[in-house]
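Student: The following block contains the structure, expressed as structure tokens.
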Amino acid sequence: MHPNYDLKGLARRNLTPPYLSNIAEVTHAAPPQSEDAQRLLILALDGLAHVLSRSKDVWDPFTAADLWCAAAVSPGSGVGDMALDVLWDTLQPKDGENLYKRMVEGKYRGRVDDITIIVCPL
Numbered sequence: 001m002h003p004n005y006d007l008k009g010l011a012r013r014n015l016t017p018p019y020l021s022n023i024a025e026v027t028h029a030a031p032p033q034s035e036d037a038q039r040l041l042i043l044a045l046d047g048l049a050h051v052l053s054r055s056k057d058v059w060d061p062f063t064a065a066d067l068w069c070a071a072a073v074s075p076g077s078g079v080g081d082m083a084l085d086v087l088w089d090t091l092q093p094k095d096g097e098n099l100y101k102r103m104v105e106g107k108y109r110g111r112v113d114d115i116t117i118i119v120c121p122l
């Protein structure tokens, strides 16, 4: 272990039980009725849902799935990376300042969980 590693200090900051679960929370959203609508598989950690609840006050998984699918296929960003489009859309609040900017400036209050997003066109 590195000599500067402070295990006791880390343990004092950890306010939740350290656990992992092998039981996934899965939400199946019906695809749009249009024949030309793109079908997607979006895999994401709970950090994405947590940020969405803070930025857009969305708690329902079906509403979240609709927002993420719309962001993934929107032509607005021009980046061509669907996962990045989902992330940037999630960080844009419905009103107010961009959450990414607040995080970078150290003004974001509350925990910031890991965010991993995988978008697979089907």
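Numbering follows this note's numbering, with no gaps: position 69 of the sequence shown is 69. Even for Gly, the Cβ is constructed at its ideal location relative to N, Cα and C.
From what residue to what residue does the beta strand (DSSP E) around residue 29 run?
Tutor: No beta strand (DSSP E) holds residue 29; DSSP gives it neither H nor E.
Student: For the beta strand (DSSP E) containing residue 122, name the first residue and the last one.
Tutor: Premise fails: residue 122 is in no beta strand (DSSP E) and is neither H nor E.
Student: Roughly how many whole angstroms lie between the Cα atoms of residue 59 and residue 8?
Tutor: The alpha-carbon atoms of residue 59 and residue 8 are separated by roughly 35 Å.
Student: What is the rounded straight-line gap between the Cα of residue 56 and the Cα of residue 109?
Tutor: When rounded, the distance between both Cα atoms is 16 Å.
Student: Which full runs of the alpha helix (DSSP H) of 4+ residues lie inside the stretch 34 to 87, going along the chain?
Tutor: The qualifying runs are 46 to 56, 61 to 73.
Student: Which residue wins for smallest C-alpha separation from residue 44, given the options 91, 100, 86, 121?
Tutor: Answer by Cα proximity: 86.
Student: Excluding five sequence neighbours on each side, which residues of the same chain lie with their C-beta closer than 8 Å to the C-beta of residue 69?
Tutor: 29, 40, 42, listed in sequence order.
Student: Quick one: what does DSSP say residue 111 is sitting in, helix, strand or coil?
Tutor: In the structure shown, residue 111 sits in coil (DSSP, three-state: anything other than H, G, I, E or B).
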